[in-house]
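Going down the list, the sequences are from chains A and B.
By the working numbering, the letter at position 31 of the first sequence is numbered 31, and the numbering carries on one by one without gaps.
Just add 1000 to wherever you are in the second sequence, counting from 1, and you've got the working numbering.
Number of protein chains: 2
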Amino acid sequence: MRSSFLPCKAGPVTRRSITSTRNPQLKAVRRLRRSRVREREGVFLAEGRRQLESALAAGARVTCVYAAPALYLVDGDEALVCEAALRGARIVELGAEAFMSITSQVRPDGIAAVVERPGTGLESIPARSLVLVATGIERPGNLGTIVRTAEAAGAGGLVACDAATDVFHPETVRGSVGTVFDLPLAQASLSETLAWLAAGHARVLVATPDGERPVWEADYSAPGLAVVVGGERHGVDPEWVAAADETVRIPMAGRADSLNVGVAAGIVLFEAARQRATTRRM
Amino acid sequence: MRSSFLPCKAGPVTRRSITSTRNPQLKAVRRLRRSRVREREGVFLAEGRRQLESALAAGARVTCVYAAPALYLVDGDEALVCEAALRGARIVELGAEAFMSITSQVRPDGIAAVVERPGTGLESIPARSLVLVATGIERPGNLGTIVRTAEAAGAGGLVACDAATDVFHPETVRGSVGTVFDLPLAQASLSETLAWLAAGHARVLVATPDGERPVWEADYSAPGLAVVVGGERHGVDPEWVAAADETVRIPMAGRADSLNVGVAAGIVLFEAARQRATTRRM
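In structure tokens:
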């Protein structure tokens, strides 16, 4: 390990440079792939330029940036790393091989940030808003797409309910294209989520293949509205159907009996957005 | 290599059993990962039980099934393989290690079928129908999700236009959850697709972030309607915007400036389905 100075518009920044993949600090970063370690350490890894940009734009606390100039893809990368340094992040420079040992990306861009993990209690979600409840999601990439979609649809927050993955998994962060930094996120069990929705008097609308009516005939106007979608394999739990104020289905014309869960969430959320926009205009 | 008999309700089926990963036949199967080889050989690989079921249900020509009983996940797998044999497929039994060498799945279920590749000319698509034109798609998994979504929305076919991947890539087949066997698929260039749409007098509706009007204010009633969505990085080509009868945008409320292309396709296609269903009822 050696110290080095690198040019930076914000003035010279002292950086330590690591080239060995066996460096203990890199081992610690690799351990962040495990959900339990992320929780214990209170941080998670955001990989790639776009994620770091989003983190800084959203005011997230970036504690450390691992940067491999040999892997940078665009000119602005150095400036972005300096921006993170200005906001208080420690910068650690890595050789290409050392960087590859901490990333799960096949073609990484040489930037990986350690970011403080915000709280994921239900109290982080604004009560009277459109909330997506994603239940039993198994694949982190799918969860990331769902976060991205919910943010784009104007949801006030997302509850990952009984998820087999966690909202700060590296693939979730990447699939969200940085929106994990913008959308309030909660993780909770079924009973906790049901109790929280009941206490907030939210209308509960459950999407399931055998829902009572087509998705476009439901009522999405309630200020506090929870849209519930089920996981990849088992769909929504019967308790959700029992607790629903309304159940909806996405009418399917072909032989397919289900949709990708991210696509299904998008269809329901943007139908909600369509109706809420139309109502507001009237 | 040895010959073996295995019990089968349809009577005993002679199978050859391969245990060496270096077997030339398995090398040939591995070469099917390459698009050019799939085209030259006129076949593609459909991995997993669900894909084989869909292939048989849709009447696709399954020429050979590679089966690794050691990896079977459910009881019905043996019966399904026998069903394929009854329909004329050659069955080749593989050891677990040999099977792992031909699959791209992490947790395979021991079934991989070689299926005849149908024609992908534009003439395969019914002219006066709802057609999805997916342009410049790069990731095979995304293309698979789009095929699944288009089939579920009742589209008559899908054109993969200037795609960086092909519709019979193993990940596309898997992402489609078997719907590649149900939905007519074409592969064509931009100019071929534009000429074909013009000749068929199809209405062209292009989805792009700076489209003229919200997706739900467009007119989807034309019997021959092409919905055009753009690829992951560059969106739709300006020539599509120039050729459009109408351009639409998905109004986004958050900080995200785009959606996953599969989610975007789902929102536009199911808005088309909603309007077409409503119109038909009136």
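Cβ atoms here follow ideal geometry from the backbone N, Cα and C, with glycine treated the same way.
None of these values were measured; they are calculated from a predicted model.
Would residue i count as contacting chain E if we go by Cβ distances under 8 Å?
i	result
T1145 of chain B	Considering every chain present, this structure includes no chain E. Its protein chains are A and B.
Give the secondary structure of residue i by DSSP, where H, G and I count as helix, E and B as strand, and everything else as coil.
i	result
E1212 of chain B	coil
I1125 of chain B	coil
G119 of chain A	coil
L1269 of chain B	helix
S1191 of chain B	helix
G1200 of chain B	coil
A84 of chain A	helix
V1101 of chain B	Here residue 1101 of chain B is Ser; the residue named in the question, Val, does not match the sequence. In the structure shown, S1101 of chain B sits in coil (DSSP, three-state: anything other than H, G, I, E or B).
L1259 of chain B	coil
F181 of chain A	helix
A1222 of chain B	coil
A1264 of chain B	helix
T278 of chain A	helix
A1164 of chain B	coil
A1253 of chain B	coil
R1038 of chain B	helix
V1106 of chain B	coil
A1079 of chain B	helix
F1005 of chain B	Its pLDDT being 35, under 50, F1005 of chain B is placed unreliably in this model, and the value from its coordinates should be taken loosely. F1005 of chain B falls in the strand class under three-state DSSP.
Which residues does DSSP list as the beta-bridge partners of residue i?
i	result
Y72 of chain A	Answer is none; Y72 of chain A lacks a bridge partner.
V65 of chain A	A:I91 and A:A113
E1174 of chain B	What sits at residue 1174 of chain B in the sequence shown is Arg, not Glu. The partner list for R1174 of chain B (beta bridge, DSSP) is empty, contrary to what the question assumes.
V1159 of chain B	B:V1133 and B:A1186
E1246 of chain B	B:L1205
F44 of chain A	A:V115
V1227 of chain B	B:L1132 and B:L1205
I18 of chain A	A:L94
G235 of chain A	A:G231
Hey, could you find the ends of the alpha helix (DSSP H) residue i is sitting in?
i	result
L1052 of chain B	R1049 to A1057
A1186 of chain B	Premise fails: A1186 of chain B lies in the beta strand (DSSP E), L1185 to A1188, not in any alpha helix (DSSP H).
V29 of chain A	P24 to R31
G141 of chain A	P140 to A152
* Using Cβ-Cβ distances below 9 Å, what residues of the segment 1152-1163 of chain B are close to chain A? -> A1152, A1153, G1154 and A1155
* Could you name the residues of the segment 235-251 of chain A whose beta carbon sits closer than 9 Å to any beta carbon of chain B, in the order they occur along the chain? => I250 and P251
* Cβ-based contacts, 7 Å cut-off: residues of the segment 125-142 of chain A near chain B -> none
* Check distances from the C-beta atoms of the segment 1083-1103 of chain B to those of chain A and list, in chain order, the residues that come in under 8 Å. => none
* **Contact list for the segment 1256-1267 of chain B against chain A, Cβ threshold 9 Å** => A1256, D1257, S1258, L1259, N1260, G1262, V1263, A1264, A1265, G1266 and I1267
* For the segment 1042-1059 of chain B, which residues have a beta carbon sitting closer than 9 Å to at least one beta carbon of chain A? -> S1054, A1057 and A1058
* **Contacting positions in the segment 198-231 of chain A - beta carbon closer than 7 Å to chain B** => W216
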